[in-house]
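Following: one structure in structure tokens, then a few remarks.
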Amino acid sequence: MKRSYLTITIFIVVFGFLFATNAFAAPKKLVIGHPACLSGKYAKAGEQAIGGIKACIDWVNNVYGGVLVAGKRIPLEYKYYDCESKKEGVTSLIERLITVNKVNVVFSAYSSGLTLAGAPVAERYSMVYMDHGGASDRIFQQGFKYIVQTIGPGSKYHVGTLDMIKYFDPKAKKVALAYEDSEFARMTMGGAEKHAKKLGCKIVFKRTYPKGVTDLTPLLSDMKARKPEIVVGGGHYEDGQLFARQMSDLDINVKAVSLVASATLPAYYKALGGRIAEGVMGPSHWEYGVTFSPKGAKKVGLDWIGPGQDEFVSLFKKALGKDIIPDYHAAEAGAQVLAYVKAVENMNSVDQDKVRAALGKLKFMSFYGGWDVDDTTGMQIGHSMVDMQWQDGKRVIVWPLEAATGKLIYPKPKF
Amino acid sequence: MKIFVRGGDFIYKGNTQETLSESLSEVFSNRVKEEKMILTLLAGNLIHGLLLGGVYGLATMGLSLIFGVINVVNVGHGQFIMVGAFVALTMFTVLGLSPVIAIPAALIIGMALGFFFFYTVMRRLIRAPELTSLLATFAMGILLEEIAKLIFGADFRGYYWAVGKITLPITTIPMSKLYAFIGSIAIALFLYLWFSKTRIGTAIRSVMEDSEGARVCGVNVSWIHALSFAIGIGLTVMSGVLLTMFIPVGINPYMGGGYTLKAFVIAVLGGLTSPYGAFFAGLIFGLIENGAYTLFALIPGVAPFPLTVSLAFWMLFFLLLVKPTGLLGK
Amino acid sequence: MALLKLENITKRFGGLVAVDKVSLEINEGELIGIVGPNGSGKTTLFNVISGVYTPEEGKVIFDGKDITRLPAYKRAPLGLGRTFQIPRPFSSASVRENVAIGAMFGTLADKVTVDDSLEIADRYIDLVGLEAHRDKASGDLTPVEKKLMEIARALAMRPKLLLMDEAMAGMNPKDIDDMVKFIKRIKEEEKIAIISMVEHIMRAVVGLAERVMVMNQGAKLVDAKTEEALADPRVIEVYLGQPTEQSKWRSEVWKEGKGEDE
Amino acid sequence: MKKTLPKYYPLIPVFAAYLIMFLIGFFVPGMWQMVALLAFYCALGQSWNIFMGMTGYVDFGYVTFIALGTYGMSLGITYCSQYEWLGIGIIVIGFILAMFLASLSALLEAFIALRLRGAYFAIACIGINEGLRYFIEGAKIWGGSEGLIYFGALVQALGRDTVNQLTSFWADFSVFIIAALAAFLNMHYMRSKIGYALTAVREDEDAAKVMGINANKYKTIAFLTSGWLGAGVGAMAWGLKLGYVYPGDVFVIHYTVECIVVVLLGGAGTLLGPVVGGLIYGLSKYWLAVIMPGFQLLIFAPIIIIIIVAAPEGVVGLLKRRLKGTRLEMFIE
């Protein structure tokens, strides 16, 4: 009898403890909140983003000396939780970040879906919500006031690629589109289709495949039968590997293959055992080897902030404690930190509405490239993409010509 | 309008302007060409489907065996396939051994895992309501995923086993796929002989039929339970190796989930309790999966890939209702 | 008018004819025994009456209504109660709840609330003498207690006709005598007709039923007064097999035969 | 009448728990979303428990109801927001649609349950869930895999402030209501003929039929109730609150598993179980996300296994056994 009361009491006490809020955020700090995807289906991108953010915060605090507000240098702090790549986690964690940790800005979780899930909460608390992982244009048609995008819109990914191929081979006509059926890849496909038609190409094949696909053989056989010259497609990591691998299995030799997301990652070449990856191209927001520099910024008349590329990479490695090369997820997230710092300094205030207004007007350049958003919707318009190609196990930037680190191999070598 | 829909534009929908600009004769000749092409495609896809089906079949045998003997649906099935994939990957990339050698290694690792999970967890759940066993196997799957993530990271990996390919008039087949198929058939055949010719195989079959009866006849039922679970897991892990011979990329800790659902469909097609049924159902499933894609692609305005997957699940659903003993069952 | 009337019931399982053209009439308040060896089709016949099976041929008429194709759950509210050979209690529920379920969905289904049913249940639990086990989970009862509980559950349905499937199988002679008395008593008190199925405990049959129907290989062999029926040479042959072994079997069977039905 | 009231005593701790959660969420700043998350788990557990606890069927495809509920709300808002005079009525329409879709799939599952049991039933329900998801994607209905995004439409129809209120308070509040309603219905069913009938059917369906119980009717009642509640949670917690839906995000079996974990932690078939389970699961998940981001699942998986093996009756089951014969007994069910 007594023990049962005791059991119940213990339960209540434990619950009470778990409910209790913990420490308040210390003043005189700017806190960046982030419901990160550390586990679940976006774990890979989540890890990269955390690394990128940590690296840039490190740079701001230790190299730059802190954010200059009202004549004082204030350090940045980073507070992140794991949302498990799930929408329920995002909403509750964002609220916790805003109310308990008193963060000054919220970074979105990876993917368009999770970005959308968190937006209403941020909106309710009138909190600047910076999106480095949701590429869907539709996010910005919902009337959210506090959202700002760093990642370029999905529809632009393959535009440059097609321009490049037209530049090198004006006769190439037959284009095949095969993308993953995800928000991001569909945007890319839409953009690519429109642009290909504008360039006078004929689209001989257009299909999507679902997420998590394990065998593309039927789709690729179909594509082979349509005899395309240029293949653009992809979506995420695993299907990008599968795509090239099974194209090789089926001996589909075309003049150019460009895959979004996966092809640009270092692991890609290794996973395909090298040879198959040779000549495969991929568009990217940022790639190790892109040469954006303060000098370049001056040339186009933009402010420069942040570490140089090599500095960023070493800070990134330090932040994660692992010897991995940052990819565009890291660069995006990192650049987002710099954008926030820039906006706060421009306004000389941390007030949410003012910062949001400043972000709307902000134009600058960093190691990530240009940054400029549409003032009303918050959509990214200033960032341009690069195209890279695997050549002898190295990622060579082949487009745009002014950023190129090597010459395009065209047509690509046979599988 | 009708003509255009019939003959013109199978490839993509909604682009009527281009279609309209084509002359009628062109449309007609296109139609003949198109039909011939579709038949070629179908034939090629069916060959690939058959090859893949063999691996699917083997990958499902473990699930059926475990359900047949201890009446537990292994919801973490796919995660054991993932373990197999990592075994193959590690042996190839770190030790430089061909996947053929990884097959027995995977069997041993899988059986060890099987015995471990049986004696720590499953033994206590055999007579429990299915709710608990479903959840327990699911939790095992998550555990494997997270451990794999801890060891290998969340990267998508792959390996390249260069053994050439053969080119047929209708399609190209990489040798590694062919080896995987032959391997699957050999293992299934071996298992069949083992089940029917050896004492212990007979004991397993008797427990499957009637565990009480077998107990009365002096079969050590709890040992058979443990052994069958271990063999089931061993088979599953082994099939993971064969699967990487088929699709040697995209290996990552979270790759298993999709295979679990596929294995369910196949196991049900095969009657859920019969490993051989599962093997043949795997072949049929492979054929349907690849064949249906080609046919669905003819319908304008739909996405054939998800429709194929959807078809598989509706098939499972109706089959369960109409004939729970499976396509090949009595 | 007969309470239950079976007309040429035939039930087949594949090629096997389990019940072969059986006709039977039972009047209100009558107690009749159905006797037959293992596999003679008694349980199948019970299942046809209670609606578990639908016969291929023939009619089941209960209380003037043709119920041949009526699902089982619609028969109970008409006044058809049943017990099972191997008791089938709702194990996780208590004795009281088990019996109350009978009251809730039997002939009183539309008239009683849950609380009423529990009260009715208490009455029948007292009647069968299980007061001490009222709140025990029914799965924990002994086999004999389970039988009693099943009878209480069936009685709580307030049936007009009660089908008792091997009520006495597996009991010792004293329990059988008690049970016989008990069945007779409830027949009088509750004013219901009872069909009791007995495999080969002749002791029970003799004491219990005024009338018996003997079945063999699915068909009706004899339908007569108990003494007459049991004296019938055909019955003796069916039951006792070859005359040479007659004496050896007779004593065993008459005293305490144990029966497991099909 | 005297007897009827004490029968509902076990609801007291359940409602008390919900009330405390609500008050904490309402008055402690920054707790609302977390409390909403807990309510989400409790409501799901509670609704799923009606299905499983009362019929004994393990519905692995339960998330279908939640997903269809989400779709109902999404379709209602997407297609009705253009009619300005409807005002807040679009949410009512969405809710009705959600209930309608859930009813259809509940009837379908009840139909399957006539023929299949145990693992076969579980797999068939998974089949429906996946089949539906890929059908939506493949046939491109309801926006196909592109889903529906309608936060903007909602803002246009109802104004920004109303929408802020709706998404960040009323949606969560309705989840509380649904959770409490689920508990009440669960209790009410347990204490009425439905509960007795389903107990009988669960234990021995053939015997139950002979006792006069229309097994299919009662099963269908339980399926429908459970489906409606699940769809209600989906419509509110996902449909209204998030303002978007992708098929790949809602038809996810993982959520069913979460329901099961919640129920099993607390105690399957009990009334208080899902509440306790939801609290334990939600809180520990939330705090693990906060304290050790990235390791929740690694910690959770073995814990689940240990609980299944060591305490299959769950916390409330243990508590019930402890409290047997004490005055507190009547509060725990």
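Chains as they are written, first to last, in our numbering: chain A, 4 to 418; chain B, 6 to 335; chain C, 1109 to 1370; chain D, 242 to 574. A virtual CB, placed ideally from N, CA and C, is assigned to each residue, including glycine. Please read all numbers here as calculations on a predicted model, not as lab measurements.
What are the uninterrupted segments assigned as alpha helix (DSSP H) that are 4 or more residues long and contained completely in the segment 1184–1267 of chain C, given in chain order?
1203–1213, 1222–1236, 1251–1264
Exposed or buried, which one is B/Asp215 when buried takes at least 16 other CB atoms within 10 Å?
exposed
Unbroken alpha helix (DSSP H) runs of length 4 or more, entirely within the segment 175–231 of chain B: which are they?
180–202, 204–214, 216–221
Going by CA-CA distance only, name the one from A/Leu100, A/Glu314, A/Asp242 that's closest to A/Ile60.
A/Glu314
In chain order, which continuous runs of the beta strand (DSSP E) of length 3 or greater are located wholly inside the segment 208–253 of chain A?
233–237
Note down, in chain order, every chain C residue with its Cβ under 9 Å from the Cβ of D/Arg432.
Val1222
By the criterion of Cβ-Cβ separation under 8 Å, what are the contact partners of D/Ala363 in chain B?
Val78, Glu135, Leu139
Using a C-beta to C-beta distance shorter than 7 Å, which residues of chain B count as neighbours of A/Tyr212?
Phe310
Could you list the residues in the segment 1182–1193 of chain C with a C-beta less than 7 Å from some C-beta on chain G, going in chain order?
The structure shown contains no chain G; the protein chains it does contain are A, B, C and D.
From D/Gly436, D/Gly297, D/Val531, residue whose alpha carbon lies closest to that of D/Phe362
D/Gly297
Within 9 Å, strictly: CB atoms of A/Pro213 and B/Val314
yes
I'd like the ranges of any alpha helix (DSSP H) spanning at least 4 consecutive residues and lying wholly in the segment 346–409 of chain D.
359–380, 392–399, 401–406
Reference B/Gly62; option with closest CA among B/Ala107, B/Ser189, B/His82:
B/Ser189
At 8 Å on the CB atoms, spell out the chain D contacts of C/Ser1158, in chain order.
Val451
In angstroms with no decimal places, state the Cα-to-Cα distance between B/Ser211 and B/Glu217.
10 Å
For C/Thr1162, count the other beta carbons within 10 Å of its own beta carbon; 16 or more makes it buried, fewer makes it exposed. Which is it?
exposed
Outcome for A/Ala29 when other beta-carbon atoms lying within 10 angstroms are tallied against a minimum of 16:
Any answer about A/Ala29 is weak, because its pLDDT of 36 lies below 50 and its placement is not dependable; what the coordinates show is given next. A/Ala29 is exposed by the Cβ-count criterion.
What would DSSP say about A/Ala26, mapped onto helix, strand or coil?
Here A/Ala26 scores only 37 on pLDDT, less than 50, and its place in the model is too uncertain to base an answer on.
I believe C/Leu1270 touches C/Ile1302 by the beta-carbon criterion, under 8 Å. Please report the beta-carbon distance rounded to the nearest angstrom.
5 Å
Runs of 3 residues minimum, wholly inside the segment 76–149 of chain A: which ones carry the beta strand (DSSP E) assignment?
79–85, 108–110, 132–134
Counting only Cβ pairs nearer than 9 Å, list the residues of chain D close to C/Met1265.
Met452, Gly453
Considering only DSSP beta bridges, list what A/Gly285 is partnered with.
A/Met391
Would you mind stating whether C/Glu1258 and C/Pro1195 have Cβ atoms separated by less than 9 Å?
yes
Interface residues of chain D around B/Glu40 at Cβ under 7 Å?
Chain D residues near B/Glu40: none, gap ~24 Å exceeds 7 Å.
On the DSSP bridge assignment, give the partners of D/Lys458 in chain order.
Paired residues: none, contrary to the question.
Got a sec, what are the start and stop residues for the alpha helix (DSSP H) D/Tyr324 sits in?
It is not in any alpha helix (DSSP H) - D/Tyr324 carries neither H nor E in the DSSP assignment.
Should C/Phe1121 be flagged as near chain D, meaning a C-beta pair shorter than 9 Å?
no
Which of the residues in the segment 218–229 of chain A, read from start to end, lie with their CB under 7 Å from any CB of chain B?
Asp218, Thr220, Pro221, Leu222, Ser224, Asp225, Ala228, Arg229
From B/Lys328 to C/Lys1255, what does the alpha carbon distance come to, in whole angstroms?
37 Å
Using 9 Å as the limit for Cβ to Cβ distance, is A/Gln394 near chain B?
no
Taking C/Val1156 as part of the alpha helix (DSSP H), name the residues at either end of that continuous run.
1150–1158
So is A/Glu91 in contact with chain D if we call contact Cβ pairs under 9 Å?
yes
Nearest residue (CA-CA) to D/Thr466, options D/Tyr303, D/Thr497, D/Tyr259
D/Tyr303
DSSP three-state call for D/Ile532: helix, strand or coil?
helix
With DSSP as the reference, identify every bridge partner of B/Ile156, one or two as the case may be.
Its beta-bridge partners do not exist; DSSP assigns none.
Taking Cβ-Cβ distances below 9 Å as the criterion, which residues of the segment 268–279 of chain A are in contact with chain B?
Leu268, Ala270, Tyr271, Lys273, Ala274, Leu275, Gly276, Gly277, Arg278, Ile279
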